[in-house]
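Here's the structure, in structure tokens; my notes come after.
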Amino acid sequence: MSGPEVLRFAANLYRVPLGEGYFLVDAGLPREARRLLPLLNLPPKLLFLTHHHLDHAGGAKALWERFGLPVLAHPREWPYLTGEKPRPPLPIPLLGRRLANLGPPLPREALRPAEEGEEVFGWRVVALPGHTLGQVGLLREGVLLAGDALRRGGLPPRLINEDDALARRTVRRILDLGVTRVYPGHGEPLDRQEVEALALRLGV
Ligand SMILES: [Zn+2]
Ligand SMILES: [Zn+2]
Numbered sequence: 001m002s003g004p005e006v007l008r009f010a011a012n013l014y015r016v017p018l019g020e021g022y023f024l025v026d027a028g029l030p031r032e033a034r035r036l037l038p039l040l041n042l043p044p045k046l047l048f049l050t051h052h053h054l055d056h057a058g059g060a061k062a063l064w065e066r067f068g069l070p071v072l073a074h075p076r077e078w079p080y081l082t083g084e085k086p087r088p089p090l091p092i093p094l095l096g097r098r099l100a101n102l103g104p105p106l107p108r109e110a111l112r113p114a115e116e117g118e119e120v121f122g123w124r125v126v127a128l129p130g131h132t133l134g135q136v137g138l139l140r141e142g143v144l145l146a147g148d149a150l151r152r153g154g155l156p157p158r159l160i161n162e163d164d165a166l167a168r169r170t171v172r173r174i175l176d177l178g179v180t181r182v183y184p185g186h187g188e189p190l191d192r193q194e195v196e197a198l199a200l201r202l203g204v
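Position 194 of the sequence shown, counting from 1, maps to 194 under this note's numbering, and the rest follow consecutively.
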């Protein structure tokens, strides 16, 4: 299996190769769509969103408009993606709520559910809650696309985790899934030993 290709935007986006074509994991900030779209000369088969945060989901509307592709996300994230509910504010005084919600809402008809145990082109959807409650990743042959469940050197800052204790337990869960390599939403990939060291440090 050839590995996912990282596209470095505010978050890491991943192009996951298939026998024919590819699908895309995460979509970047809304204003990054202008840089992202020209990189996608072939239309992606689908867009998989790990979670609702703007740096991962903000470009989804532009991709849907361009390609008419299905957008997979956990149903818990849908209200934030469609604008039905405001995203929790970023930890920035006064501007936090506005900055978290700059993205154009996705129409509901674009969305398809991605829930634990489902298959996406041979990848298994796994629940990775904590950073957001409906965060999901994709697992195949020990390789995990993990969204913001963890990163090199730790968890995302406590203030942007919807449930920090749950986020810590999810690191244990990631090890229990038998991962050998983890592709995070920010920074470089981690091998199993790095995740083990992180779990130890977090006491999980
Ligand atoms: Zn992120
Ligand atoms: Zn995030």
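Where a beta carbon is used, it is the ideal one built from N, C-alpha and C, also for glycine.
Using the DSSP secondary-structure output, state which residues sit across from residue i in a beta bridge.
i    : result
W123 : V120
F23  : V16
F209 : No statement about residue 209 is possible, as the shown extent of the chain runs from 1 to 204 and does not include it.
E5   : R15
L138 : V125 and L145
V206 : Look at the range of the chain in this structure, 1 to 204, and you will see that residue 206 is not part of it.
G154 : R151
So is the beta-carbon of residue i under 7 angstroms away from any non-hydrogen atom of ligand 2?
i    : result
D164 : no
P156 : yes
Thinking residue i and residue j are a contact (beta carbons under 8 angstroms), I'd like their distance in whole angstroms, please.
i    : j    : result
L138 : F48  : 7 angstroms
V237 : A199 : Absent from the model: residue 237. The displayed extent of the chain is 1 to 204, so no value can be given.
E32  : G59  : 6 angstroms
P30  : Y14  : With 8 angstroms as the limit, P30 and Y14 do not qualify as a contact, their Cβ atoms being about 19 angstroms apart.
L95  : L54  : The Cβ separation is near 13 angstroms, so there is no contact.
A149 : Q135 : 6 angstroms
L39  : L7   : 7 angstroms
P70  : R108 : Incorrect: roughly 12 angstroms between the Cβ atoms, too far for contact.
L155 : V182 : That belief does not hold up - the Cβ atoms of L155 and V182 are roughly 13 angstroms apart, past 8 angstroms.
With a threshold of 7 angstroms (Cβ to nearest heavy atom), would residue i be considered close to ligand 1?
i    : result
H74  : no
D148 : yes
G185 : yes
D55  : yes
A11  : yes
Using a Cβ-Cβ cut-off of 8 angstroms, state whether residue i counts as contacting chain B.
i   : result
G21 : Chain labels in this structure do not include chain B; a single protein chain is all it has.
**Request:** Let me know the beta strand (DSSP E) ranges lying completely inside the region 57 to 122, each 3 residues or longer, listed in chain order.
**Result:** 71 to 73 and 111 to 113
**Sufficient close CB pairs (3 or more, under 8 angstroms) joining the region 150 to 170 to the region 126 to 140** = yes
**Item:** Inter-stretch contact (C-beta, 8 angstroms, three-pair minimum) for the region 78 to 90 and the region 116 to 126
**Value:** no
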